[in-house]
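First comes the structure, then the notes that go with it.
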Amino acid sequence: MSDIQKRIDTLLEATQNWLADDNLYLKDAIDRTMREGYFSFEDINFAIESIKKSISRSAIEAWVDRAGLDDGSDASGQNVLCLHAGNLPLVGFQDAFATLLSGAHYTGKISRKDPYLLPTFLNEVKKTNMWSDMDVQWTHRLDDFEDMPHDAVIFAGSESSVPGVKEAIDKLSLAHQNTRFLIRTAHFSMAYLDTKDEQAIQNLTDAIFRYGGKGCRSVAVVVSPFRIEEIREELADQVKQFWFENPQHEYPSPKLKQQFAYNEAIERPQLWLEYFLLQEEGLELDQDFICYWVPGDESTVVSLAEQFDEQLQSVYVTDSESAIDGVEEQVEVLQNAQQPSLSWRPDGVDTLVWLQD
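When the letters of the sequence shown are read in order and numbered with our numbering, they come out as residues 7 to 363.
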């Protein structure tokens, strides 16, 4: 049996044990996460169920094949530091999984904003691991790893946070001269809504409002040939049903209502939802809980994609057969916005491929 096949077997067994109904450690982590106010049960459960749906032997092996990973090209012997974000529950799972699958030694800095969930998976890997090439260690404090240089660092965050992170890594001697950095700064996605079909509007609602609109896969800009007024009732009904099933965990500052009042004063078309605002134009992306509605066609999508460049993660379309010339590499199906495959590419980079470079 190859080393890669052993790692696949280990990760599958660890994941199965981690997601088992009788895993009391995961249940306790979920309970603590909820009680301490990090995330809602609905968002945690959605994240876990999405991972459960995405993982199978066939999905992992297909990812390995596409990435060209084999025993001669893997990352064995490398030390990889993953600085996990905490804006969504279990948002760092893919990085941890890919690092372990690659054969690299995994070192994780767990976010204080999501401190309990990911370690329960890492613990299962440690308990399941029977081969010495799968090394797992993590902490909530970066300085616990002081003077431990790494061959690669994976980090996700805002552009403004990058200098501070690199300064901390340098100060703590966590990198050496040839350390490679995978830094992700995309922070929103865009949807092209070209139909009033009920399922499409339901998928759009989930893509906008899931996790309170946080995360790079969440839709912050909608381009559509329809104006807000033309789709107001259908969208409002879907949002009402979504919030009934997934109560919003966090609420906006008073600034959002001020934006609503300003829009009213200048007669800007908008849909006010008390805790969220959809507005036409005025595209500033300067506060949370706003989704911008831009009347237009596919050429508008391409123009905005060029404008936002590295800030944009994905462009969602309603039909799997659709393609938009100029943004082909970013196009995904809207219904998969918040439930990506295990091998999805943050910032357009396949993590498993990058780890082999």
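Glycine residues also receive a C-beta, built at the ideal position from the N, C-alpha and C atoms.
Computed from a prediction, not measured in an experiment: that's the story for all the values here.
With 16 or more other CB atoms across the displayed protein chains lying within 10 angstroms of its CB, Glu304 is buried. DSSP places Ser230 in the uninterrupted beta strand (DSSP E) bounded by 225-230. Comparing alpha carbon positions, the residue from Pro169, Lys33, Phe194 closest to Gln344 is Phe194. In this chain, the alpha helix (DSSP H) harbouring Gln205 covers 204-215. Counted as a single uninterrupted DSSP element, the beta strand (DSSP E) harbouring Ser195 occupies residues 194-198. Pro253 counts as exposed, since fewer than 16 other C-beta atoms from the protein chains shown sit within 10 angstroms of its C-beta.
A residue is called buried once 16 or more other Cβ atoms fall within 10 Å of its Cβ, and Thr324 is buried on that count. For the segment 7-91, the full-length beta strand (DSSP E) segments reaching 3 residues or more read 85-89 along the chain. Per DSSP, Pro301 lies in no alpha helix (DSSP H); the unbroken beta strand (DSSP E) holding it starts and ends at 296-301. Counting along the chain, the unbroken alpha helix (DSSP H) around Arg238 starts and ends at 234-251.
Excluding residues up to 5 positions away in sequence, Ala192, His193, Gln319 lie with their Cβ nearer than 6 Å to the Cβ of Cys222 in the same chain. Within the same chain, and ignoring the five residues on either side of Ile61 in sequence, the residues whose Cβ sits closer than 8 Å to its Cβ are Leu18, Thr21, Leu348. Linking Phe248 to Arg13 through their CA atoms gives a straight-line distance of about 39 Å. Annotated as distal: His156 and Ala174, with beta-carbon spacing of 9 Å or more.
Rounded to the nearest whole angstrom, the CA to CA distance from Asp28 to Ile36 is 13 Å.
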